[in-house]
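**Q** When we follow the working numbering, the leftmost residue of the sequence shown carries the number 1, and every step to the right adds one. The beta carbon of each residue, even a glycine, is placed where N, CA and C say it ideally should be. Source: prediction; values computed, not measured. Dumping the structure here so I can ask a few things about it.
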Amino acid sequence: MLDEAVARYSDILDYLGEDMAYTVTLPNSGELTIEEAVRRMGFDPIEIEGPGTVPHSGHSIRLYQVGVGVVTLDGVYPTPERKQVTDQLGGDGFRHWYVAFDINGNASMYADYGGGQGKLEYPEPINLPFTPWTELLGPLRPYAELLARAYDSEEAEATVNFVAACLAVTELESGIRLEPELLHTPYSALPLPSPNFD
C-alpha cells in the first residue's frame, strides 16, 4: 500500500510545479475550519479571499476544507518565513504535516503531532553531531526504512523519490490524498507578503 502511494505520487510530481509547500492539518476532535486555521496562523479571517475572488492576490496561500481538516498549498518558493506561518497550524490538539520542494532540488518534511515533532531534509539528511538523522523523525520513525531509500548512500543509490515518499507518508498518516485535481478546485486564499530572498 505504501509503495503504491509512492508510485502514484512519483507519477504526478510534474503536475505540482517547480516550487510548492503542502500542508495537512487535522484536529484530534471536532473540526478545523478555514477561518480557524487562518486565526491559528496569526491572521484575521477578514483577510481571506473567497473562491469567487478572481484573481487572487499574488503570493497567497491556498486553503481547502477537506473533511474535518484544512489543506494548504503554497506555490511560492518555500522560505522559512512562510513555513513559520503554516507551522502555527500544529500544536496541542492537532496533527500537522508539511512537505515542500523547490526548483533547486531541495525538499523537506515536518510533522507535528502536538506531543512530538519530526523533520527531515533533502538532498542530504540533517547532519547533527552524534545524532543519526533517524532520531529526528519523531512520529515519522515507523517510516524510517522507506525514507532511507530516498537518499543515496555509499552502498546504493536512492530507489524512491524523496517528495513522493513524504507525500505518501502524509497520506497514510492523515488519510488525505493529494490529487492533481485539487490544483483546479476553487479555494480560499490568504495573502502573504512577498518572500524576501536577501
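1) Enumerate in chain order the residues of its own chain whose CB-to-CB distance from Val6 is below 7 Å, with the five nearest sequence positions on each side excluded.
2) Using three-state DSSP, classify Phe162 as helix, strand or coil.
3) Which residues bound the alpha helix (DSSP H) around Thr86?
4) Determine the burial state of Ser29: buried for a count of at least 16 other Cβ atoms within 10 Å of its Cβ, exposed for fewer.
5) How big is the Cα-Cα spacing for Tyr122 and Glu81?
6) List the endpoints of the continuous alpha helix (DSSP H) containing Asp112.
7) Use the C-beta contact count for Asp14: other C-beta atoms within 10 angstroms, 16 or more gives buried, fewer gives exposed.
8) Tell me whether Gly93 is buried or exposed, calling it buried when 16 or more other Cβ atoms sit within 10 Å of its Cβ.
9) Assuming Asp3 is part of the beta strand (DSSP E), what are its boundary residues?
10) Nearest by alpha-carbon distance to His96: which of Leu26, His184, Ser194, Gly175 is it?
11) Where Ala156 and Ala21 are concerned, what is the direct C-alpha to C-alpha distance, given to the nearest angstrom?
12) Just reading off the beta strand (DSSP E) that Arg34 is part of, what are its end residues?
13) Might you give, ordered along the chain, the residues of its own chain that have their beta carbon closer than 6 Å to the beta carbon of Pro139, omitting 5 neighbours on each side?
**A** On the basis of the coordinates in this document:
1) Val160, Ala164, Ala165, Ala168
2) helix
3) 80-87
4) exposed
5) 19 Å
6) Per DSSP, Asp112 belongs to no alpha helix (DSSP H); it is in the beta strand (DSSP E), 107-112.
7) exposed
8) By the neighbour-count criterion, in which a residue is buried when 16 or more other Cβ atoms sit within 10 angstroms of its Cβ, Gly93 is exposed.
9) Unbroken run through Asp3 is the alpha helix (DSSP H), 2-12; no beta strand (DSSP E).
10) Leu26
11) Whole-angstrom Cα-Cα distance: 29 Å.
12) With the sequence shown as reference, residue 34 is identified as Ile, and Arg is not the correct amino acid for it. Looking at the DSSP string, Ile34 is not in any beta strand (DSSP E); the run it does join, the alpha helix (DSSP H), is 34-40.
13) Excluding five sequence positions before and after Pro139, the CB atoms of its chain that fall closer than 6 Å to its own CB belong to Ala111, Tyr113, Gly116, Gly118, given in chain order.
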